[in-house]
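Visitor:
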Amino acid sequence: MFAVFKTQIRKELRSPWALILLLVGSIVLTLIFANIDQDTSTTVPIFSTEEKKEEVLNKWEPLLNKNSNFNFVVEEDTAARKLVEEGEHTAVLQLFEHDYRLITNSSMPAVQMLEDYVHMLFTTEAQLQAAAGNNNVAALRAEVESYLQEAPLQIQTEALDGGEVPDYNMGLQLLFGFTLFMAMFTIGFQVNAVSADRANGVWDRMILSPISKTAMYTGHLCYSFFIGFLQVGLVFLIFRYILHYDLGGHLGMILFVAAIFSLSMVSVAMLFTGFIKTPEQFQVIYSSVIPIIPVISGVYMPPGTLSNPILLFIADLFPLQHAMNSLMDIALYGAGWDDIALQIAFMLLIGVICMGVGINLIERRNN
Amino acid sequence: MMIETVKLTKSFKGKNVVDEINFYIDEGESVGLLGPNGAGKSTTISVISSLIKPSAGDVKLYGKSIIKNPAAIRKILGIVPQEIALYEELSAYENLKFFGEIYKVKRSVLEERIQEILDMVGLRERQKELVKTFSGGMKRRVNIGAALLHRPKIIILDEPTVGIDPQSRNHILETVQKLNKENGTTILYTSHYMEEVEQLCKRVYIMDHGKIVASGSKTELLNILSSEDTIKIHLNETSDDILKKIQQIESVRHVDETDDGIRIISKKGNNILSSLIHTVESQGAEITNYQIETPSLEDVFLHLTGRTLRD
């Protein structure tokens, strides 16, 4: 086993670029997408063709921008229309003194959300106008807002431990997601060394040596696990201690989950090896299937976005979904061992089944 | 008797690739297994080495079956596969070290053993270079070296000289000869190069379509052709019709066209020259050269199988 393990390390040191590329890739992707994601507001150009254009825009622009989900920016009439015509923006808003018109190039759900928000704002303003009569509308609005601060009925939220509910951190989700995604590739390519050894005849030579088959598999799989875990661990440590990301107070638990995930992914890659005949086929098929898993596991989307039960079921069949849940629970909500035990059990179960079936298929083909 | 096969059969998808073959190898012997591509040589080797199980029959090592106990043969066997079964991204030294480790060669002797083998295959000076930078011949030499680290009693070489330069080929043949003569290692050498087997092996088995069609020493095999003459003629022009007409001559057993003329195998003692001249001239051609050759193993193979080794 150690001879196989050591030889794989020697091979890796001889050509470490793929590993380095995947490691740097997970850091770069997280930095790019996590930072982009922090600015989640949608920019909507606004313009007016009224005679008192300045007055209309000065009135509505601050009111519209009270919602942090949208960023309304004043544009010239023709420039705004061109933006929507050329598809640079999905919608622009034309403002009148007491009315509005939404100009759009599609009927996406985001446009409906914009319409709902603008409609509610104009309705509220009309109600305030009606209630204020000849009095000052601004004063009435301030009075209403002040009243709502101390409203008789209020919603209060608190975490299960009685503390404050933490804001969901999409950046953290992407950090975990991209890191595990890249590790899936690393692990797969390492496990593919079994297929490569079988194809070039080294596997047969090993079979004819005194080394047992168990030792042959163990050497290869331990090495794949080691490299996968090393990559995930390194990325987490870099983000924690160099880029100062807040990974919560349980780094040990996070690394434990990473280890179980790596173990489970080695088994999944082994299952692929069992089905596939050559290392070249493995590279093509594995590289085609793996990018789908984070998508159906909702790794790139806020929680709850995916609700299709079939996709959720398929996602549950891969360790990524369970690892993501565990990692987010630990980092964001301070989950303990009891809280993540079920997810860990799922990953181990996937690992055992995939490893059993994978090795069985390989051995059957040999015979 | 060191190794013996008894009615050894291996089928794939209902077809007998190895068909009830019986042969033996004595300790210290150098035996050739000769046959064209697809004759079943590699499959036979895989079964003997315990890599795959036979569909029927048995393989015995010192009289004991190895089918259920392959460890017995694996301990004393060194196998040189037809393909280059090495890690190309590692150096020659690292490859040998890896195979030494998996064969559990003691650390205290492994280093010495590696250098000894590198000397034997003539790669000591280039041991630190990556295998992927080597020529085909050098790779094949490392491939052989990897099978020698545990000092096996028997070495099976499966076409070890395919596609290499003459210099490397000679080096490999010398190495195999040295292993057999100086170390007393038993050799089973498969090839479709007749001259290699003639040079290295005292006994030869000829395989075709999964069966052993003949066996014996070189002299014994050549005696098969003792009742035949091999005649080579050159014509000023050749055609299929001329070959057909020659074939129709009564004492002619086989005719084929080779790179350097027409080869005719006929009954020994029958002077067919006049018949040949007559037949060729009747087709409007002329014999420009005529020679009676001493039969070779190649002729024996042709006689037995009706095809050449490189078919």
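From first to last, the protein sequence lines stand for chains S and R.
Numbering (our numbering) for the first sequence: 1 to 367.
Numbering (our numbering) for the second sequence: 368 to 678.
Where a beta carbon is used, it is the ideal one built from N, C-alpha and C, also for glycine.
1. Restricting to Cα atoms, I'd like to know which of S267/S, V24/S and G298/S is closest to L348/S.
2. At a cut of 8 angstroms, does the stretch 213-228 of chain S reach the stretch 180-194 of chain S through at least three beta carbon pairs?
3. Would you mind telling me which residues of chain S sit closer than 7 angstroms to S416/R, beta carbon to beta carbon, in chain order?
4. Return the CA-CA distance between D525/R and C568/R, expressed in angstroms with no decimal places.
5. Mind listing which residues of the stretch 459-471 of chain R have their C-beta closer than 8 angstroms to chain S's C-betas, in chain order?
6. With C-beta atoms as the reference, is Q494/R less than 8 angstroms away from Y460/R?
7. Starting from H220/S and walking both ways along the alpha helix (DSSP H), at which residues does that stretch end?
8. Going by other Cβ atoms of all chains shown within 10 Å of its Cβ, with 16 needed for buried, is T179/S buried or exposed?
9. Assign E478/R to buried or exposed, taking buried as 16 or more other Cβ atoms, counted over all protein chains shown, within 10 Å of its Cβ.
10. Can you give me the start and stop residues for the beta strand (DSSP E) that M1/S sits inside?
11. Is it buried or exposed, G673/R, if we count other Cβ atoms within 10 angstroms and call 16 or more buried?
12. Count the other C-beta atoms from every protein chain shown that fall within 10 angstroms of the C-beta of G336/S, then say buried if there are 16 or more, exposed otherwise.
13. In the DSSP assignment, find the beta strand (DSSP E) that holds H601/R and state where it starts and stops.
14. Taking the beta strand (DSSP E) that K634/R falls in, what are its first and last residues?
15. Anything in chain S within Cβ reach of L515/R, meaning under 8 angstroms, just list it in chain order.
16. Taking Q283/S as part of the alpha helix (DSSP H), name the residues at either end of that continuous run.
17. For A513/R, I'd like the list of residues in its chain whose CB is within less than 7 angstroms of its CB, leaving aside the five on either flank, ordered along the chain.
18. Closer than 7 angstroms, Cβ to Cβ, to anything on chain R: give me those residues from the stretch 186-211 of chain S, in chain order.
19. Residues of chain R with a CB under 9 angstroms from the CB of T305/S: which are they?
20. Give the residues of chain S in contact with R441/R, contact being defined as C-beta atoms less than 9 angstroms apart.
21. Can you check which of these residues, A652/R, A581/R and E450/R, is closest to E604/R by C-alpha distance?
22. With three or more C-beta pairs closer than 8 angstroms as the rule, is the stretch 417-426 of chain R touching the stretch 595-602 of chain R?
23. Is the distance from the Cβ of F75/S to the Cβ of P45/S below 8 angstroms?
24. Just curious, the alpha helix (DSSP H) that T661/R is in, first and last residue?
25. Can you check whether the C-beta of R10/S is within less than 8 angstroms of a C-beta belonging to chain R?
26. Taking the beta strand (DSSP E) that I579/R falls in, what are its first and last residues?
27. Please work out which residues of its chain come closer than 7 angstroms, Cβ to Cβ, to I290/S, disregarding the five sequence neighbours upstream and downstream, and give them in chain order.
28. Mark T214/S as exposed unless 16 or more other C-beta atoms lie within 10 angstroms of its C-beta, in which case mark it buried.
29. Would you tell me roughly how many angstroms separate the C-alpha atoms of S432/R and L540/R, rounded to the nearest one?
30. Starting from F72/S, follow the beta strand (DSSP E) in both directions and report where the run begins and ends.
31. Can you give, in chain order, each stretch of the alpha helix (DSSP H) that sits fully within the stretch 150-213 of chain S and has at least 4 residues?
32. To the nearest angstrom, how far is the alpha carbon of S458/R from that of V498/R?
33. By the criterion of Cβ-Cβ separation under 9 angstroms, what are the contact partners of I446/R in chain S?
34. Does the beta carbon of A452/R sit closer than 8 angstroms to a beta carbon anywhere in chain S?
35. How would you label L342/S, buried or exposed, when you count the other beta carbons within 10 angstroms and need 16 or more for buried?
36. With 8 angstroms as the threshold, decide whether the Cβ of L457/R is near any Cβ in chain S.
Guide: Let's see:
1. Counting from 1 along the first sequence, the entry for residue 348/S is found at position 348. Of the candidates S267/S, V24/S and G298/S, the one whose C-alpha sits nearest the C-alpha of L348/S is S267/S.
2. These segments touch.
3. Here residue 416/R refers to the residue found at position 49 when the second sequence is read from its first residue. Under the 7 angstroms cutoff, chain S gives L208.
4. Residue 525/R sits at position 158 when you count from the first residue of the second sequence. Residue 568/R sits at position 201 when you count from the first residue of the second sequence. Approximately 14 angstroms between the Cα atoms of the pair.
5. E461, F465, F466, E468, I469, Y470 and K471
6. Mapped onto the second sequence, residue 494/R falls at position 127. Mapped onto the second sequence, residue 460/R falls at position 93. In contact: Q494/R and Y460/R (Cβ atoms closer than 8 angstroms).
7. Counting from one through the first sequence, the residue named residue 220/S turns up at place 220. Segment K213 to L237, the alpha helix (DSSP H) holding H220/S.
8. For this step, residue 179/S is matched to residue 179 along the first sequence. That one is buried.
9. Sequence index remark: in the second sequence, residue 478/R carries index 111 (1-based). Looking at its Cβ environment, which holds fewer than 16 other Cβ atoms inside 10 Å, E478/R is exposed.
10. In the first sequence, the residue the question calls residue 1/S occupies position 1. Per DSSP, M1/S belongs to no beta strand (DSSP E) and is neither H nor E.
11. One-based indexing of the second sequence puts residue 673/R at position 306. It counts as exposed.
12. As a first step, residue 336/S must be located in the first sequence, where it is residue number 336. Looking at its Cβ environment, which holds fewer than 16 other Cβ atoms inside 10 Å, G336/S is exposed.
13. Position 234 of the second sequence holds residue 601/R. Unbroken beta strand (DSSP E) run through H601/R: E595 to L602.
14. Along the second sequence, one-based indexing puts residue 634/R at 267. That run of the beta strand (DSSP E) goes G628 to K634.
15. In the second sequence, the residue the question calls residue 515/R occupies position 148. Those do not exist, as L515/R stays about 13 angstroms from chain S at its closest Cβ, beyond 8 angstroms.
16. On the first sequence, residue 283/S is found 283 positions in, with the first residue counted as 1. It spans P279 to V289 - the alpha helix (DSSP H) in which Q283/S sits, taken as one unbroken run.
17. The residue labelled residue 513/R in the question sits at position 146 within the second sequence. Excluding positions up to five away in sequence, the list reads L453, N462, L463 and F466.
18. N200, G201, V202, D204, R205, M206, I207, L208, S209, P210 and I211
19. Your numbering for residue 305/S matches position 305 in the first sequence. Residues of chain R passing the Cβ test: none, with the nearest at roughly 44 angstroms.
20. Taking the first residue of the second sequence as position 1, residue 441/R is located at position 74. Ordered by position in chain S, the residues that pass the 9 angstroms Cβ test against R441/R are I207, L208, S209 and P210.
21. For this step, residue 604/R is matched to residue 237 along the second sequence. Taking only the C-alpha atoms, the option nearest E604/R is A652/R.
22. no
23. Walking along the first sequence from the start, residue 75/S turns up at place 75. Walking along the first sequence from the start, residue 45/S turns up at place 45. The question names Phe, but residue 75/S in the sequence shown is Glu. Against a cut-off of 8 angstroms, the Cβ pair of P45/S and E75/S comes out as a contact.
24. Numbered from its first residue, the second sequence carries residue 661/R at position 294. Run containing T661/R: none; DSSP gives neither H nor E here.
25. Locating residue 10/S in the first sequence gives position 10, where the first residue counts as 1. It does; some Cβ of chain R falls within 8 angstroms.
26. Your numbering for residue 579/R matches position 212 in the second sequence. Where I579/R is concerned, the enclosing beta strand (DSSP E) stretches over K578 to S584.
27. To locate residue 290/S, count along the first sequence from 1; it is residue 290. Taken in chain order, the residues that qualify are M184, F185 and G188.
28. On the first sequence, residue 214/S is found 214 positions in, with the first residue counted as 1. T214/S comes out exposed.
29. On the second sequence, residue 432/R is found 65 positions in, with the first residue counted as 1. On the second sequence, residue 540/R is found 173 positions in, with the first residue counted as 1. Between S432/R and L540/R, the C-alpha separation is close to 31 angstroms.
30. As a first step, residue 72/S is located in the first sequence; it is residue number 72 there, counting from the start. Note, F72/S: beta strand (DSSP E), F70 to V74.
31. Whole alpha helix (DSSP H) segments, 4+ residues: 170-200 and 202-207.
32. For the purposes of this step, residue 458/R is taken as the residue at position 91 of the second sequence. For the purposes of this step, residue 498/R is taken as the residue at position 131 of the second sequence. C-alpha separation (whole angstroms): 5 angstroms.
33. In the second sequence, the residue the question calls residue 446/R occupies position 79. The answer, in chain order, is D204, R205 and L208.
34. The residue you call residue 452/R lines up with position 85 of the second sequence. Yes, because at least one Cβ of chain S sits closer than 8 angstroms to the Cβ of A452/R.
35. One-based indexing of the first sequence puts residue 342/S at position 342. Label assigned to L342/S: exposed.
36. As a first step, residue 457/R must be located in the second sequence, where it is residue number 90. Closer than 8 angstroms to some Cβ of chain S, the Cβ of L457/R qualifies, so yes.
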